[in-house]
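Peer 1:
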Amino acid sequence: MLVAGIDIGGKNVHVILMKDGTILAKGAAPTGINKTEATEQLYDKVLQQAGLRLEDIECVVATGSSGRRVSFAQGVIPEAAADARAVVQLIPSARTIIDVGAEEGRAIKINSEGKVLDFAINEKCAAGTGTFVDTMARALEITMEEMAEASLKSTESIPMNAQCAVFGESEVVSLIHAKTPKHDIARAVHDAIAGRVGSVARIVGLENDVVMIGGVARNTGFVESLKRELATDVIIPNEPDFVGALGAAAAAEAGVVEEKVEARVVERQDYDESSN
Amino acid sequence: MAEEVKEFWRWPESHWTNLDIDWKQGKIITSGVDVGSVSTQAVIMVDGELFAFSSTRTGSDSPDSALKGLDIALEVTGMTADNIDYCIGTGYGRVNVPMAQQTITEIACHARGANFVYGPAVRTVMDMGGQDCKAIRCDERGKVIKFMMNDKCAAGTGRGMEVFADLIGVPVWEIGPRSFQVEKEPAMISSTCVVFAKSEVVGLLEEGKPENDIIAAYCAAMAHRIVELLNRLEIEKEFAITGGIAKNEGVVKRLENETGVKTMEKVWYNPEYNSRNYPFDTQIIGALGAALFAMALLERGRVESARKA
């Protein structure tokens, strides 16, 4: 059976073509402004790569925050469901999934069958998402890759006061002005996001094994910070950013074009109350 | 020829001197310096009357910003820092006010200042600052009863508005007026987070949405964010606003519409100040409160004058 899984996130779109459980072709591209157009172009490209035509694909399932934009999909499933489906195939011992993308961070508790037991998400605040790293990398004038490497070299942990990405940027600039070594700043940034992601993870409760996926899982510096924050090992599958698309493809193969999961949406806790 | 505006967030700095007062005849001269994360204000009072003030941008060095602010307020007055009896530092950078004898929180100072500026009827003060936002409940003497504050998230703060002004390329002081130049009030920007709102705004611009509609949508979102904070405190009348965002009618009007409570008119409680056309500036209210505290402390003999000349 020939199927496709498409994951449209905040920043990138991922496509996987699968035949009887084997990946035939895959591709990724930035979503840009027009997500629908970017998705269609990428889908065509991946089909060509596999030497297939549009009509060869029997079932297309989409996922991701803009999954509904795939007009040619037979169904759209929630990211948490797609993540769970794929992760349990890749790492059967996984019980907690941490998925950090460009614009959201989620923690999913699953059972051995890949069923979502509990699920919490932060999608309202850039702190605790990939966008936070991007913003700080820009302030530091280094790439994400350089930032990851730099942070691994850091020997000193500097706490960041700012939670907000906007305030964090000013804080990073002040740290640069104060001649703080870039690698220590990079670690401070990763520690800060790890703290936010950790608090989302603790809502569902951590159970080993912990698997991290999503684009931010490619950031080795962040992964180290997360391990420290959670005080446990974190397993990263190969190509962690393709996991959502893989789950969508797996759902298509199983003939699942609809799924529901209950989310616990994380509200910002940014008010201080006081009286005197 | 007008200079090209490149930094759209750059709000105008200002200073003013009261020519009705001969400070040399004054008994007690006090000052309040409010070093905020974005702006710094210095206010000088002579015998409890407003004498001079300045409002400038906070630089990367807080002590320097405080000194510069006071210098600008002192300009043309013939007064020097040595003539000041007592100075109180306030604001986020209050510990970095070198000439201050004492510090008091900006929450207390805004309540005290609003009491002087708007009058004793004020019960709720909304201070909409550069990097934070505070809803303060106070009594008829301007004493703080309770407050709620957001200083963790840029949404609903002046910084958020500056980021937006830069993004859309409209000077920050034009945002308010332009937000009313719309045929129909648009739906507000749905992202709370400033970073996500930026992407949303870029998307709307790409779609060809009229600029003024986007400005209105952003002002509405900002007002909504502030209302969320106010709702946790519950507004008690009279309701007064302070800080830089208080100057943005686009946000203020929408805040009034959403809460159904009018903010107090931006005029002095003291009718003489109005008839003499003293400038009404919502940004100086914290520094003014600090200068008033200094005055009260000296009058009650709680502190000694630190005057050097």
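Line by line, the protein sequences give chains G and R. According to my numbering, the residues represented by the first sequence are 658 to 933, in order. According to my numbering, the residues represented by the second sequence are 29 to 337, in order. Ideal placement from N, C-alpha and C gives every residue a C-beta, glycine not left out.
What residues of chain R sit near glutamine 820/G, judged by a beta carbon separation below 8 Å?
Peer 2: In chain order: Lys180 and Cys181.
Peer 1: Looking at chain C, is there any beta carbon in it that lies within less than 8 Å of the beta carbon of threonine 220/R?
Peer 2: Any reference to chain C falls outside this structure, whose protein chains are G and R.
Peer 1: At a Cβ threshold of 8 Å, is cysteine 782/G touching chain R?
Peer 2: So yes, cysteine 782/G belongs to the interface.
Peer 1: Taking the beta strand (DSSP E) that cysteine 161/R belongs to, which residues open and close that run?
Peer 2: Where cysteine 161/R is concerned, the enclosing beta strand (DSSP E) stretches over 161-166.
Peer 1: Looking at threonine 720/G: is its Cβ nearer than 8 Å to the Cβ of glycine 904/G?
Peer 2: A contact, by the Cβ cut-off of 8 Å.
Peer 1: Quick check on valine 745/G: does DSSP put it in helix, strand or coil?
Peer 2: Note: valine 745/G maps to helix in three-state DSSP.
Peer 1: Among all the DSSP beta bridges, which residues are the ones paired with asparagine 669/G?
Peer 2: Pro687/G.
Peer 1: Spatial neighbours of glutamate 228/R within its chain, please: CB distance less than 7 Å, with the 5 preceding and 5 following residues excluded, ordered by chain position.
Peer 2: Here the set comprises Ile217, Ser218 and Ser219.
Peer 1: Is there a C-beta anywhere in chain G that falls below 8 Å from the one on glycine 288/R?
Peer 2: It does not; no Cβ of chain G falls within 8 Å.
Peer 1: Could you pull out every unbroken beta strand (DSSP E) segment of at least 3 residues lying fully inside the stretch 753-800 of chain G, listed in chain order?
Peer 2: If we require 3 residues or more, the beta strand (DSSP E) runs fully inside the stretch 753-800 of chain G come out as 753-757, 762-767 and 773-779.
Peer 1: Along the beta strand (DSSP E) that carries valine 255/R, what are the first and last residues, could you check?
Peer 2: No beta strand (DSSP E) contains valine 255/R, which is instead part of the alpha helix (DSSP H) from 239-259.
Peer 1: Decide if alanine 911/G is buried, meaning its Cβ has at least 16 other Cβ atoms within 10 Å, or exposed.
Peer 2: When all chains shown are included, alanine 911/G counts as exposed.
Peer 1: Can you tell me the Cβ-Cβ gap for glycine 785/G and arginine 853/G, rounded? I've got them flagged as a contact below 8 Å.
Peer 2: The Cβ separation is near 3 Å, so the contact holds.
Peer 1: Kindly give me the distance between the Cβ atoms of alanine 902/G and isoleucine 673/G, rounded to whole angstroms, as I take these residues to be in contact under 8 Å.
Peer 2: With 8 Å as the limit, alanine 902/G and isoleucine 673/G qualify as a contact, their Cβ atoms being about 4 Å apart.
Peer 1: On a Cα-Cα basis, can you pick out the residue from Ala661/G, Val922/G, Leu681/G and Lys676/G that is closest to glutamate 697/G?
Peer 2: Considering only alpha carbons, the answer is Ala661/G.
Peer 1: Would you report the Cα separation of alanine 94/R and threonine 889/G, rounded to the nearest angstrom?
Peer 2: Those two C-alpha atoms are separated by around 47 Å.
Peer 1: Under 8 Å between the Cβ atoms of leucine 78/R and asparagine 124/R?
Peer 2: No, these two residues do not count as a Cβ contact at 8 Å.
Peer 1: What is the DSSP secondary structure of methionine 176/R, reduced to helix, strand or coil?
Peer 2: Strand, per DSSP.
Peer 1: Note down, in chain order, all residues in the stretch 866-886 of chain G with a beta-carbon under 7 Å from any beta-carbon belonging to chain R.
Peer 2: Within the stretch 866-886 of chain G, no residue qualifies.
Peer 1: Could you have a look at tryptophan 201/R and say whether DSSP puts it in helix, strand or coil?
Peer 2: If DSSP states are grouped into helix, strand and coil, tryptophan 201/R belongs with the helices.
Peer 1: Grab the span of the beta strand (DSSP E) containing arginine 85/R for me, first residue to last.
Peer 2: Segment 77-85, the beta strand (DSSP E) holding arginine 85/R.
Peer 1: Does the separation of the CB atoms of lysine 226/R and valine 191/R fall below 8 Å?
Peer 2: For lysine 226/R and valine 191/R, yes; Cβs fall inside 8 Å.
Peer 1: In this structure, how does DSSP classify alanine 70/R when only helix, strand and coil are distinguished?
Peer 2: Here alanine 70/R sits in strand by DSSP.
Peer 1: Give every residue of the same chain whose Cβ lies closer than 8 Å to the Cβ of methionine 658/G, excluding the five residues on either side of it in the sequence, and list them in chain order.
Peer 2: Excluding positions up to five away in sequence, the list reads Lys676, Asp677, Glu715, Cys716 and Glu910.
Peer 1: Is the stretch 111-127 of chain R in contact with the stretch 233-244 of chain R, if contact means three or more CB pairs nearer than 8 Å?
Peer 2: Flag = no, the stretch 111-127 of chain R and the stretch 233-244 of chain R do not touch.
Peer 1: Skipping 5 residues on each side, what residues in its chain have a beta carbon closer than 8 Å to that of serine 808/G?
Peer 2: Taken in chain order, the residues that qualify are His840, Ala843, Arg844, Val846, His847, Gly878, Phe879, Glu881 and Ser882.
Peer 1: Any beta-carbon of chain R closer than 8 Å to the one on alanine 796/G?
Peer 2: Alanine 796/G does not count as touching chain R.
Peer 1: Taking just the CA atoms, how far does glycine 141/R sit from serine 989/G?
Peer 2: For chain G, the structure presents residues 658 to 933; residue 989/G sits outside this window and is missing.
Peer 1: Could you check if glutamate 715/G belongs to the surroundings of the ligand HEM, using beta carbon to heavy atom distance under 7 Å?
Peer 2: The ligand content of the structure shown is nil, which means the ligand HEM is not present either.
Peer 1: For serine 42/R, which three-state DSSP category applies?
Peer 2: Strand at serine 42/R.
Peer 1: Would you kindly work out how many angstroms separate the C-alpha atoms of valine 63/R and threonine 310/R, rounded to a whole number?
Peer 2: Looking at the two C-alpha atoms, the distance is approximately 15 Å.
Peer 1: How many whole angstroms separate the CB atoms of isoleucine 748/G and valine 900/G, which I take to be in contact at a CB cut-off of 8 Å?
Peer 2: That belief does not hold up - the Cβ atoms of isoleucine 748/G and valine 900/G are roughly 10 Å apart, past 8 Å.
Peer 1: Assuming alanine 248/R and methionine 156/R form a contact by the criterion Cβ under 8 Å, report the distance between their Cβ atoms to the nearest whole angstrom.
Peer 2: The pair is not a contact, with the Cβ atoms about 15 Å apart (cut-off 8 Å).
Peer 1: How do the stretch 819-833 of chain G and the stretch 760-770 of chain G stand: do at least 3 beta-carbon pairs fall below 8 Å, yes or no?
Peer 2: Judged by Cβ distances under 8 Å, the stretch 819-833 of chain G makes no contact with the stretch 760-770 of chain G, as fewer than three pairs qualify.
Peer 1: Using C-beta distances below 6 Å, list every residue in its chain close to alanine 737/G, excluding the 5 sequence neighbours before and after it, in chain order.
Peer 2: For alanine 737/G, where only same-chain residues beyond five positions count, the Cβ hits under 6 Å are Ile765, Val773, Phe776 and Val918.
Peer 1: How far does the alpha helix (DSSP H) with methionine 869/G in it extend, from its first residue to its last?
Peer 2: Methionine 869/G -> not in any alpha helix (DSSP H); beta strand (DSSP E) instead, spanning 867-870.
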